[in-house]
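Shown next, in C-alpha cells, is the structure this report addresses.
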Amino acid sequence: MHEMAIMNSVRDLVEDEAREKHFSVVKSITLVVGPFSCVDPHALRFSFDAVSRASILEGSKLVVEQPAGKAQCFDCEAIVDVLSRDQDCPLCSSSRLLMVEGDELAIKNLEVL
C-alpha cells in the first residue's frame, strides 16, 4: 500500500513547513488526487489516520478533492472530462484522446494556526 508512504511524505513536508513558517497546529489539509494518479483515496484516508498520530497532523481534518480527468480530442479538438483512459470523446465519439489532466497528486491547501 503506497498510500502509507505518500502520507508519511505529506506529514514530513508539513512538519518541515511548520518549522520554517513557525506554526504548531494544522486544522486541515487538502489534497488533490487525480483519477489517473494510481492513488486510492480510501487508502489515503486510512493512512492519514495512522500517520497523523503523535504528529503535527494529529486532530486535523483531511480533505481529498477528486477532480475529473481531462483529455483533448484529436478529431474535434475539444478538451473534455473523462472518467477512464479508454473512454471515447463524449462530443464526437472519437477514441483518439490525449490525457492532459488527471494524474496529479498535490497538497492544495494547508490551514494552520
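In this text, residue positions in the sequence shown follow the working numbering: the first is 2, and each later residue adds one.
Using N, Cα and C, we set each Cβ at its ideal position, and we do this for glycine too.
Please read these numbers as outputs of a predicted model, since none were measured by experiment.
* To do: Specify, as a first and last residue, the run of the alpha helix (DSSP H) that ALA55 falls within.
  => Note, ALA55: premise wrong, no alpha helix (DSSP H); not H, not E.
* Asked: Just curious, the beta strand (DSSP E) that ALA107 is in, first and last residue?
  -> First-last of the beta strand (DSSP E) with ALA107: 106-113.
* Asked: With respect to the alpha helix (DSSP H) encompassing ALA6, which residues constitute its N-terminal and C-terminal limits?
  -> 3-22
* Asked: Is SER48 helix, strand or coil by DSSP?
  -> Helix.
* Asked: Can you tell which of VAL83, ILE80, VAL113 and ASP50 has the C-alpha that lies nearest to the C-alpha of ALA6?
  -> ASP50
* Between the Cα of ALA107 and those of ARG12, THR31, ARG20 and VAL27, spot the shortest distance and give me the residue it belongs to. => Of the candidates ARG12, THR31, ARG20 and VAL27, the one whose C-alpha sits nearest the C-alpha of ALA107 is THR31.
* What does a CB cutoff of less than 8 Å around GLU59 pick up in its chain, not counting 5 residues either side in sequence? -> SER53
* To do: With a 10 Å radius around its C-beta and 16 neighbouring C-beta atoms as the bar for buried, classify CYS74 as buried or exposed.
  => buried
* Cα separation between CYS77 and SER95? -> 8 Å
* Less than 8 Å separating the beta-carbons of VAL27 and VAL15? -> yes
* Asked: Looking at the unbroken beta strand (DSSP E) that takes in ASP82, where does it start and where does it end?
  -> 80-83
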